[in-house]
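Presented below is the structure to which this report refers.
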Amino acid sequence: MPDQTAPDQGRRGNPPQTAKQPGAPGESPDSTGITLSIDGRTVTVPKGTLLVEAAKLLSIEVPVFCYHHKLNPVGACRLCLVEISPGPPKPQTACTTPVAEGMVVRTNTAGAVAARADILEYELLNHPLDCPVCDKGGECPLQDYTFRHGYPTSRIDAPRLHFEKPIPLSDKIALDRERCVLCYRCTRYYDEIAWEQELTTDQRGVQSYITNQFDRPLQSIFSGNIIDLCPVGALTSRVWRFESRPWDMDHTASVCSKCAVGCNVTMWQRRHQLVRITSHENGAVDDGWICDRGRFDYAEVNAAERVRTPRVGGKHATWNDALERLLYNLRGKKLGISVRQDLTNEEAFLLKRLVDGPWKGARVVMPRRTRIPAAAGDTLAIADLERARCIVVIASDTADDVPVVNLRIKKAVSRHGARLVLVHPDDLDLDRWPHAVHHVRPQAGGYPEAVRALRKHEYLQEGPVAVLYGDGHGTEDGTAISAAAAELASAAGGTLMPLYRGTNERGALALGLLGEEADLEGCDAVLIMGPGAPPASARFTAVWDFLLRPEHGEPDVLLPAASFAEDQGSYTNLEGRVQFLRPPLHVEPPLREGWDVLLDIGHRLNADVEFLGIAQIQKAVAEAVPALAALADPPATALAPTTVLYGPARP
Amino acid sequence: MAELRGSHGKARHHLLTQHFGAAGLATLKGYQKLGGYDTLEKALAMEPKALVDEVKASGLRGRGGAGFATGVKWGFMPPPDGGPRYVVVNADESEPGTSKDRYIIENSPHMVLEGILIAAFAVQSHQAWIYIRGEYDRPYRMLMDAIGELREAKILGSKPFGKDYPLDIQMYRGHGAYICGEETALLESLEGKRAQPRSRPPYPAVKGAWARPTLLNNIETLATVPWIIKHGAAEYTKFGTEKNRGTRLLSVSGNVRKPGVYEIEIGVPFTHVIMELAGGPFEGRQIKAFWPGGSSAKVLPASRMDVTTDAEALAAADSMAGSGGCMVADNSACMVETTYRLLKFYAYESCGKCTPCRVGGNWAVRTVAKILAGEGSRLDLQILDKIQAGLQDGRCLCGLGDSAGWVVQSAMNHFPEEFEEHAVRHTCSVKRERAAASA
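Chain order of the listed sequences is D and H. Okay, so the first sequence: first residue is 7 according to the working numbering, each after it adds one. Okay, so the second sequence: first residue is 932 according to the working numbering, each after it adds one.
This is the structure we're talking about:
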């Protein structure tokens, strides 16, 4: 069961979480409390809360398959039947029934207990005896519910229904139709959340099965979430197939390093390998979803070719030799530094100290960053998109640039009736919404004018208005677009959300690290941190990465970097929210963390870097940059414990 | 034209079928010659609320199967809010044994349309949809022709009979699913989605087609409305029983000499329907069992043929009036085989959305098949009993599951010896008798 309370990602200085978790999808919590009793115990909950959720607050488990707190309830699987008075004589599904004052609910009557056991028996009727080889084993609600609520023995001796299996839905996801309990979470997720039609149900009755539409493999960047959603082993990750079981793994709640949204993820570790990434719900940022880049792109971390020791001229060397060689060759040269997207705040801060001090005049670039300047003033929190009446998206294909923010936009439109204004030359997935979408298609260079013309549009007359802006994939004048967006927001009384591309682009900008230049042409000594090709002008190249990539060529000095699964530190997402990494893997010497190496460099150069550890660095950042004040208050390292739920007696 | 297999011509209780068979009845001209659409014109001059009250006073109950008080259902529609509201006509008629809606449409399509339009005005709707099962090709074309005639005569349009109240009717053809007779599944199909019932509440009157207020009624129910408005509710209450007023069409089929669609006054006994109207059993056979209201109504043994056709009496006899599809079996029918055949229907038609019907229905079919194959045991009878209980009483999302459960429950209840001998002794006395008779 997902942990409902995400670890507090720092308090001070982060945007306030104003959009609360609703009690039921599409409803905002009322301040009126409704008091009811469940199994003889009373609870008071907001109006609109579903019985299933109210029961959870009393640690009463009402088992569910088709219900999911992020999807519209359907009452299809019938597993959550409870008896309600006053009410109809027949049992009702707890997942579709909202609370009412004075309601008396019983989940433990003989009738309800038998109903639950019967449904589980039906689900198991055709379910294959795959537990020993099924990747859901150990974290499978069907297993857990059968133990807690099902019959202890089986009366089934008929042959089971068979399907061809497994079916590859894509190169990442496998479908096992025999295990499927037809809860329809996957098809409903695609329809309600992702606005895509990739999965559907074919045939009817007991012959029903899930299939991909038009026999096409799943192509959506949002496809991986169905693995987390599926309550059985019907939808499994092919990347993690047959790898391990939950009890073999340790996990931490960390932050994804692939883009500026900063979705919270759970990173799972086994035998010092990063074996799996799943979502970790944070209602303020990701709302429980991650995209396929964050979920599946981690193989590099475990690659055998990882660089683990320094190299000088292609030969293994000690850190001391490598650093000395590096610093010697950088002295007095036109220095260029290319930083990785996911440079942490702490590393950026130390680098700034170097660039302000001994490396004064160095050019610092972040490849593939947007041309959006640093944010000034308050920007919009992601969760507040749900309160917007009008959402303007300028120069960005959000499904590609900031995928999980794209899902939040879709939620605001489909659940809360927000209206969309799109400024982009191409058709976008957001155009699929059949009502209230105004799409302007500017020519190259025509963005500022197109944005200005929106001031009078009827959709912008009703606030709150959210103005999201990218830089047209780097081909447009980002500064001009930002200025036009700011003017529009000001005129419409709206709030801005800059859509940075780099994971910690906003943090690096806040620290004043990045210059105006786009590349390192003209520099004769370069330090490439992460992916990136050295410029033709470079006479001396140092690379600092965890893999030697083809574009790196043959660097003179190669320093091993810790990966995102090993680095401590923090990122600042596009909202300006500071979030702390909790690496699941230890840094094995001779590997060293980035901030540690930068401290070392700083000491060797007599830079202003008197810090004894990462905590001191974080405090210094907080003091130096008000926007990053949250760094002074990192959260506790332990995960909040998961609530243990108790069910009624076995039948 | 083909010989009418059912009621027609003048009789005291022939309220719907009186003119069936009259030349040209299916055309607008022919229908108008007999007074057609005068009632619509009259209704358009009345207050919508008055129409609703009249139908309430008549005691008309839905003829689709549920038997809900029609006037009360009309009254559930919320007040107009400026947005669209719909009347959706359930012409999906798929209940086994039922063909009365087809009989009505093929004989008098205009009577249906007139009823629909009166209802639309009564609930302040401007748009009606007729959802007709895909297999009803001829009735569909007849209704389409009739609608075309109305459009040409401007009875459908912006000013029917000069009244500033636009009215239109559209048709939609189903794709072959019994579940589309269930009102919310019908709405899903109408909206172009997979036909699976919705969780209720909200009910269609509040959130129906395209989430708008929708009135859903059966063909026969609406076809009765013109008579009620023309003659008045008080006249209608002179027929039928106190709680179940009026007349209705029973479709009688099976082992009877004269199967057909017969209009009866509600309250007559089934002996009249089966033995008199339908001519009774074939030579040398005796009636054994009958399903009074479609296969979804619990079967009754012949000893209960004296039960009357009103809803209350049937409920007291542990069955139901349902859709009025009366199927009759004689002593050549093996009740285990008929149970198997009917169960296969429900399992095949199950939409698959909810677990007990999807899995339980199939499990029941396989168990009965096992019993029929002579491989059963007493345990299989216990399993069947467990399954039928698991299909009822709110376990399923819609009534299809309950009906499947009733099929098994009622057959095992009234004919336990047949199930016993099949499952435990692996014999069938009916088969033996059939073999002996043909030897």
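Every residue gets a Cβ at the ideal spot worked out from N, C-alpha and C, and that includes glycine.
Beta-carbon spacing of residue i, residue j below 8 Å
i       : j       : result
H/C1288 : H/G1332 : yes
D/R397  : D/A368  : Note that residue 397 of chain D corresponds to Ile in the displayed sequence, not to Arg. Not in contact: D/I397 and D/A368 (Cβ atoms no closer than 8 Å).
H/F1221 : H/C1257 : yes
D/P454  : D/I415  : no
D/A628  : D/A638  : yes
H/A1260 : H/N1186 : yes
D/D254  : D/R222  : no
D/A235  : D/N218  : Strictly speaking, residue 235 of chain D in this sequence is Leu, with Ala absent from that position. No, these two residues do not count as a Cβ contact at 8 Å.
H/E1119 : H/R1129 : yes
D/D614  : D/R458  : no
D/Y195  : D/L77   : yes
D/V408  : D/L520  : no
Distance between beta carbons of residue j and residue i, contact taken as under 8 Å
i       : j      : result
D/R377  : D/T485 : 7 Å
H/G1314 : D/R122 : Looking at the sequence itself, residue 1314 of chain H is Ile, so the reference to Gly does not match. That pair is no contact at about 19 Å.
D/A544  : D/A531 : 7 Å
Inter-residue Cα distance where the pair is residue i and residue j
i       : j       : result
D/G39   : D/T50   : 6 Å
H/F1092 : H/I1100 : 16 Å
H/P1011 : H/P1135 : 15 Å
D/A120  : D/P158  : 13 Å
H/P1223 : H/Q1323 : 20 Å
D/G143  : H/I1035 : 58 Å
D/L494  : D/G476  : 14 Å
D/E33   : H/S989  : Caution is warranted here: a pLDDT of 44 is assigned to D/E33, below 50, making its placement in the model unreliable, and the coordinate value is therefore given only provisionally. Going from the Cα of D/E33 to the Cα of H/S989 covers about 42 Å.
H/T1029 : D/A100  : 36 Å
D/P28   : D/K340  : Since pLDDT at D/P28 reaches only 37, below the 50 mark, its modelled position is unreliable, and the value read off the structure follows with that caveat. Going from the Cα of D/P28 to the Cα of D/K340 covers about 55 Å.
D/G538  : D/L611  : 26 Å
H/H950  : H/I1195 : 15 Å
H/V1238 : H/S1227 : 17 Å
D/P641  : D/R374  : 31 Å
H/G1321 : H/T1270 : 17 Å
D/Q149  : D/L175  : 24 Å
D/A30   : D/C146  : Low per-residue confidence applies at D/A30: pLDDT is 40, beneath 50, and the placement is therefore not dependable, though the value from the model is reported in the following sentence. Going from the Cα of D/A30 to the Cα of D/C146 covers about 24 Å.
H/V1338 : D/F220  : 39 Å
H/H1041 : H/A1077 : 6 Å
H/A1000 : H/I1150 : 15 Å
H/E1349 : H/D1316 : 15 Å
D/Y577  : D/D292  : 15 Å
D/R425  : D/H286  : 29 Å
H/G1291 : D/Y128  : 7 Å
H/Y1279 : H/A1368 : 34 Å
Span of the beta strand (DSSP E) around residue i
i       : result
H/E1196 : 1191-1196
D/G513  : It is not in any beta strand (DSSP E) - D/G513 instead sits in the alpha helix (DSSP H) that spans 511-516.
D/H155  : Premise fails: D/H155 lies in the alpha helix (DSSP H), 147-155, not in any beta strand (DSSP E).
D/L564  : 563-566
D/A531  : 531-535
Any non-hydrogen atom of the ligand ATP closer than 7 Å to residue i Cβ
i       : result
H/A1242 : As presented, the structure is devoid of all ligands, the ligand ATP included, so that no description of it is given.
Limits of the unbroken alpha helix (DSSP H) element including residue i
i       : result
H/M1258 : Run containing H/M1258: none in the alpha helix (DSSP H); it sits in the beta strand (DSSP E), 1256-1261.
H/L1118 : 1114-1121
H/Q1340 : 1330-1345
H/R1272 : 1266-1280
D/W601  : 600-610
D/I620  : 620-630
H/Y962  : 959-964
H/V1296 : 1292-1303
Short CB-CB distance (under 8 Å) between residue i and chain A
i      : result
H/K941 : Although the question refers to chain A, the structure presented lacks it and instead comprises the protein chains D and H.
- Which parts of the region 220-288 of chain D are runs of the alpha helix (DSSP H), unbroken and 4 residues or longer, counting only runs that do not cross its ends? List check, alpha helix (DSSP H) in window: 231-235.
- Message: To test your reading of the DSSP string, which unbroken beta strand (DSSP E) runs of 3 or more residues are found completely within the region 294-368 of chain D?
- Response: Runs found: 341-344.
- Message: List, from N- to C-terminal side, the beta strand (DSSP E) runs of 3 residues or more that fit wholly inside the region 1023-1076 of chain H.
- Response: Runs found: 1058-1063.
- Message: Give the list of continuous alpha helix (DSSP H) stretches no shorter than 4 residues that lie fully inside the region 1128-1161 of chain H.
- Response: Within the region 1128-1161 of chain H, no complete alpha helix (DSSP H) run reaches 4 residues.
- Message: Suppose only complete runs of 3+ residues qualify. What are the beta strand (DSSP E) ranges in the region 413-481 of chain D, listed by chain order?
- Response: List check, beta strand (DSSP E) in window: 425-429, 443-446, 471-475.
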